[in-house]
Amino acid sequence: MPQPYPDPAPSARVPDQAAVVLSPPRLAKRRTGIEVFDTISEGGLPAGRASLLIGSAGSGKTIFAMQALYNAASRGEAGIFVCFEERPEDLRVNLAGFGWDLSAHEAAQRLQLIDAQTSVEAQISGDSEITGLLAIVADLARRGGAQWVVFDSLDAMLSPMADEATRGRETMRLHHWIQTSGLTCIITLKRAADWSVGFGSEAAISYLVDCVIDLATTVSENFTQRTLQILKYRGSAHHADPLPFLIGQRGFEIVPVIAERAEWTVSDERLSTGIPALDQMLGGGVLRGSGVLISGAPGTAKTSISGRMTEAMCERGERALMICFDEGPAEIVRNLHSIGIRLERHLADGRLQMASMSARSRGADHAFAAIYDLAVAFRPSLLVIDPISSLIKAGGELLAARTLTRIVHLCKQHGSTLVMPCLNVRSAAVDTEESLVHASTAADVWIHLSYLVNNGERNRLLTVIKARGTAHSNQVRELLLKSEGITLAAPYTEEGEVLAGTLRWQREEQNRIRQREREREVEAARHALAARRKQLLARIADLEGEIALLDADAALHLRQSADAEIDRKRQRMGILERRSGALAGEPSSREEGQ
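Quick note, the sequence shown lines up with residues 50 to 643 if you use my numbering.
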């Protein structure tokens with residue numbers, strides 16, 4: 050069984066002692082502490098070189114730069130933050146909302162804030178240069194052992210300069226200073242409307258620095274999305290595609306990157322859904338680590354089935370995480386009581402965790418980041434997102450589809466089984482089999498719920514549309530919600546028509562009545578046959594009695610005949626004896642008398 054969310058095991062490679070290869074020096078880097086950025090940049094920002102952050106107002110440039118400096122200070126790496134637009138006291142207040150205590154690092158000389166705002170007189174006259182500021186920064190860095198420096202909103206200093214030539218000269222002076230200072234430098238600039246490059250323009254900085262990071266803000270379908278893209282990174286491989294990020298309670302957070310094409314560990318273990326009849330339809334249950342889509346119209350029992358699957362997982366002693374979009378956890382727990390599902394006991398013993406989210410207010414990227422954090426921290430064997438179709442409310446179908454793909458790959462990567470109740474969103478028809486874009490494709494198992502309206506009733510039906518790697522039933526079953534649980538009735542058809550509810554009960558009752566009538570007819574016929582047999586047996590007994598009498602009479606006649614024959618034989622013998630005596634001279638009776 051694959052272990053969900055396993056701790057990464059360090060791998061060691063033993064060098065070949067027979068051959069020594071001199072590898073070229075690698076580019077030194079410094080971690081920003083922004084986890085995903087350090088991953089996609091393969092280590093962080095180039096050490097001792099300059100990196101440029103460009104973006105429009107509110108794109109998070111200052112937050113990214115200060116977060117990198119704050120994380121470095123927490124590791125003991127000192128840094129200097131040069132403010133060209135905000136006063137240091139305002140910056141401290143603004144960033145305190147992320148839980149960063151700048152004053153503690155300032156007191157320990159690990160972080161220094163410099164107010165470098167250009168005076169009004171200098172802005173009017175255009176008389177401004179960077180030489181003096183760089184001298185101050187260099188002195189502070191030398192005395193404090195700084196390894197980082199941030200020039201925040203450098204354009205605020207360059208733009209008031211008298212002409213393009215002056216800006217170009219000061220830009221080159223800054224570039225040379227960074228090259229010789231040995232400090233890891235972050236420069237932030239506002240996005241210009243025209244990025245056509247002139248030597249002295251702010252845009253020319255992008256050609257001088259070693260790393261360029263673009264922070265973009267786009268609005269689509271009335272949803273705002275922020276993305277980060279590494280446009281340039283000299284001497285280093287890096288992830289080049291835009292990645293969504295958000296500014297949350299912890300500051301700058303990039304939505305985690307999930308491998309889309311990986312050799313995930315697969316399992317042949319089957320997990321029970323907690324509904325025996327459904328397990329039978331699925332060939333024994335769902336495969337561990339698979340994605341299960343449960344689609345249907347409102348009220349078709351999507352949450353009920355996912356709740357039973359959650360309960361079954363917890364009953365096996367494994368963990369389950371349920372993300373609730375439409376209903377709160379307390380409502381779901383209460384409502385499932387009506388069909389005998391008790392989730393509160395598993396919440397109490399820690400096997401179940403339920404989290405409520407609002408897709409509309411957070412956005413799809415925020416939702417995924419929150420789901421990712423919860424999943425990594427809790428490490429569930431089962432993840433339920435109810436309903437997955439709520440992601441459409443958080444950014445439209447395209448963003449929802451991309452977020453869904455990330456969630457599926459996250460679960461595949463860690464061996465978690467994913468359950469996705471999904472509201473049919475494309476059609477109001479209750480029998481539609483259309484669902485969230487890509488959800489049916491991404492899922493390994495697709496269970497579809499629908500209504501059958503007949504005879505004045507609406508009854509629930511369940512069918513398995515697909516189940517990868519499983520020989521599954523193609524039958525339509527009636528879904529019954531009872532106080533003792535969820536059951537599936539065997540398919541009932543009559544003359545090609547699927548019957549459910551009261552109509553099915555009436556038809557079954559009629560058939561039962563007919564069956565009882567047939568049984569009574571059979572029983573009556575059996576009794577009649579038994580009586581006839583009894584009569585026949587009695588007649589047979591009488592005949593046998595008559596036969597016995599006849600046999601007795603016959604025997605008597607035989608004995609009498611035998612006795613008569615004996616008498617006749619005896620008489621004949623007597624006659625013969627007498628005749629034979631006379632022939633021998635014996636006196637006859639007459640002579641004896643004389």
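Note that beta-carbon positions come from the ideal geometry of N, C-alpha and C, so glycine has one too. All figures in this text were calculated on a predicted structure; none of them were measured in a lab.
Under DSSP, Lys78 shares a beta bridge with Pro95.
Contact check for Leu189 and Ile129: beta-carbon distance about 6 Å, within the 8 Å limit, so the pair qualifies. Using a C-beta cut-off of 8 Å, the region 74-86 makes no contact with the region 129-148, since fewer than three inter-stretch Cβ pairs fall below that distance. Glu506 sits in a strand when the DSSP states are folded into three classes.
When the beta-carbon positions are compared, Cys460 and Gly323 stay at least 9 Å from each other. Exposure of Thr267 is indicated by the presence of fewer than 16 other C-beta atoms within 10 angstroms of its C-beta. In this structure Ala265 is in contact with Ser108, their Cβ atoms being roughly 7 Å apart against a cut-off of 8 Å.
Just measuring C-alpha positions, the residue of Leu385, Asp375, Gly366 sitting nearest Gly399 is Gly366. Residue pairing by DSSP places Gly128 opposite Leu160, Trp197 in a beta bridge.
Between the region 193-212 and the region 230-239 there are three or more C-beta pairs closer than 8 Å, enough to call the two in contact. Bounds of any alpha helix (DSSP H) do not take in Ser405; it lies within the beta strand (DSSP E) bounded by 401-405. Between the region 216-229 and the region 150-159 there are fewer than three inter-stretch CB-CB distances shorter than 8 Å, so the stretches are not counted as touching. Using a C-beta cut-off of 8 Å, the region 445-460 makes no contact with the region 320-334, since fewer than three inter-stretch Cβ pairs fall below that distance.
Annotated three-state conformation of Val468 is strand, per DSSP.
The region 380-388 makes no contact with the region 415-428, as fewer than three CB pairs between them are under 8 Å.
Less than 9 Å divides the Cβ of Gly300 from the Cβ of Gln116.
Each residue's CA atom was taken as its position, placing Ile535 and Gln555 some 22 Å apart. In this structure, the CA atom of Cys363 is about 15 Å from the CA atom of Leu467. Contact check between the region 279-286 and the region 119-127: fewer than three CB pairs, one atom from each, fall below 8 Å, which does not count as touching.
Distance check between Leu510 and each of Leu528, Ala516, Arg98, Arg517 places Leu528 closest, using alpha-carbon atoms only.
Contact between Leu292 and Thr273 does not hold, since the beta-carbon distance rounds to 16 Å and is not under 8 Å. Under the criterion of beta carbons closer than 8 Å, Pro436 and Leu472 qualify as touching, at roughly 5 Å. Cβ-Cβ distances below 7 Å link Leu592 to nothing in the same chain once the five nearest sequence neighbours on each side are left out. Residue environment for Ile562: exposed (fewer than 16 other C-beta atoms within 10 angstroms of its C-beta). Glu570 is classed as exposed because its beta carbon has fewer than 16 other beta carbons within 10 Å across all chains shown.
DSSP places Ile390 outside both helix and strand once states are collapsed to three, so it counts as coil. Bounds of any beta strand (DSSP E) do not take in Thr349, whose DSSP letter is neither H nor E. Looking at Arg517, Ala579, Leu392, the one whose alpha-carbon comes closest to that of Leu331 is Arg517. Taking all protein chains shown into account, Val341 has 16 or more neighbouring C-beta atoms within 10 Å of its C-beta and is therefore buried.
The DSSP-derived three-state label of His521 is coil.
Scanning Ala611, Ala574, Glu595, Gly464 for the CA closest to the CA of Val315 turns up Gly464.
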